[in-house]
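Mapped onto the working numbering, the consecutive letters of the sequence shown carry residue numbers -17 to 57.
Glycine included, C-beta positions come from ideal geometry on N, C-alpha and C.
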Amino acid sequence: MDAAPPELIREKLTKKAITADHPTWCPGCGDFAVLASYYKVLEKRQLDHEKIVTLAGIGCSSRFPYFVNGYGAHF
-17 MDAAPPELIR
-7 EKLTKKAITA
3 DHPTWCPGCG
13 DFAVLASYYK
23 VLEKRQLDHE
33 KIVTLAGIGC
43 SSRFPYFVNG
53 YGAHF
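Here you go:
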């Protein structure tokens, strides 16, 4: 079988590729653990981060869309 053309080959998705630059959390906030798990799932499933939409509500979790390199909405 022939190899795919270079323009169709994408790099392996890594946590670094989907992690935003400056996550901040309140001391003792448990949402960091939830976000860390979210990163692991995205990396394990190799989802294209340009096709990810992260939705969030109120409180610390409302920051999730800003911590994921993809699309997001805060309601």
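Cβ neighbour criterion (16 or more within 10 Å) applied to residue i
{"i": "L24", "result": "buried"}
{"i": "F49", "result": "buried"}
Reference residue i, options the options, closest by Cα
{"i": "K33", "options": "F46, K(-6), Y53, G41", "result": "Y53"}
{"i": "I40", "options": "N51, H56, L29, K26", "result": "H56"}
{"i": "F46", "options": "F14, K(-2), P9, K(-6)", "result": "F14"}
{"i": "A38", "options": "V16, K22, D30", "result": "V16"}
{"i": "C42", "options": "K22, C8, S19, Y21", "result": "C8"}
_What ranges does the alpha helix (DSSP H) occupy inside the segment 19 to 52, keeping only unbroken runs of at least 4 residues that lie completely in it?_
Unbroken alpha helix (DSSP H) stretches of 4 residues or longer found wholly inside the segment 19 to 52: 46 to 49, given in chain order.
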